[in-house]
Every structure is written in structure tokens, then in C-alpha cells.
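Notes follow the structure.
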Amino acid sequence: MIFPRTPRSLLRALLIAGLIAFFLVGGIANLFPPASVRADYARWGYPAGFHYLTGTIELTAAMLLVPLRTRDLGRVLAALAMAGAIATLLVAGEWSHAIAPATLIAALALSRYLDEKAREARWEGKVF
3 MIFPRTPRSL
13 LRALLIAGLI
23 AFFLVGGIAN
33 LFPPASVRAD
43 YARWGYPAGF
53 HYLTGTIELT
63 AAMLLVPLRT
73 RDLGRVLAAL
83 AMAGAIATLL
93 VAGEWSHAIA
103 PATLIAALAL
113 SRYLDEKARE
123 ARWEGKVF
């Protein structure tokens, strides 16, 4: 394991670790939801068991975020899941709850930016 050497590389490592943890926990929570989560899905008009699809997507995104080679695909999948959450919450009139998935999309974009800057630094022989 390579330990971060600069504040920017530390931010990059902590951000991706946080995103992985979020989607891992979210995926597990959707695969094994309490009654309140199942009630939320029903209230939003989703069919019974739809939470399994959401959980699978979130777990897959978490796994794809781990290796650098598949991280972009993981970010796209995670962002699509969060876009779906935003759409659901806005249609349901739960405006304030849409802030969290919107923030996650911004964090995914920042993660992509930091990965690109790290790649450029490696290419130029610099320390990121």
C-alpha cells in the first residue's frame, strides 16, 4: 500500500475511502432493509423488492471504486444511482433530502478530478 505523501494525496485517499464506505454501507442497508426503508420505497411508488436492485447497484459501485482501473465505471454507476435518488426525492417533494445524493455526486466528481491530477503528476514525474 502506498501512503499519501501530500495533503492533496491524503484528501484523495480519504475521499475515495469515504465513497467506498458510503456505497458499501448503503448497498448492505438496501439489501437488508428495516421496515422503514421498505415503507419508503412503497411510498415512492417502487415495486416490492426494488431495494434489492438499489442495493446491488450500490455494492457494485463500491467494488468498482476500489481498483483504480475500474474507478471511473464505479463513479458513473454511483452517480447514476444518486441521480435516481435525487429524481425520486424531488418527485416525492422531499426537497431537503435530495441534498445528500447531490453532495455525493459532487464528491464523485471531485474524486475524478483528484485522480486525474494524480495521473498527470505521475506522468510528469512529480509528487502529487
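If you read the sequence shown in our numbering, its first letter stands for residue 3, the second for the next number, and so on.
Beta carbons are placed, not taken as given, at the ideal position from N, Cα and C, and that holds for glycine.
Because the structure is a prediction, the values reported are computed rather than measured.
First through last residue of the alpha helix (DSSP H) which encompasses residue i
i    : result
W125 : 101-125
P9   : 9-33
V68  : Careful: V68 lies outside any alpha helix (DSSP H) and carries neither H nor E.
Exposure of residue i, with buried meaning 16 or more beta-carbon neighbours within 10 Å
i    : result
L91  : buried
P103 : buried
T8   : exposed
G57  : buried
S113 : buried
A109 : buried
A87  : buried
R45  : exposed
F25  : buried
R14  : buried
Where residue i sits in the DSSP three-state scheme
i   : result
A60 : The identity of residue 60 in the sequence shown is Glu, whereas the question assumes Ala. Correct three-state label for E60: helix.
F52 : helix
A94 : coil
G1  : No answer is possible for residue 1: it lies beyond the span of the chain, which begins at 3 and ends at 130.
Practice problem: Say whether the region 16-34 touches the region 54-67, bearing in mind that this needs 3 or more beta-carbon pairs closer than 8 angstroms, one atom from each stretch. | Solution: These segments touch.
Quiz prompt | Validate contact between the region 35-48 and the region 108-127 using beta carbons, cut 8 angstroms, 3 pairs | solution = At 8 angstroms Cβ cutoff, the stretches do not touch.
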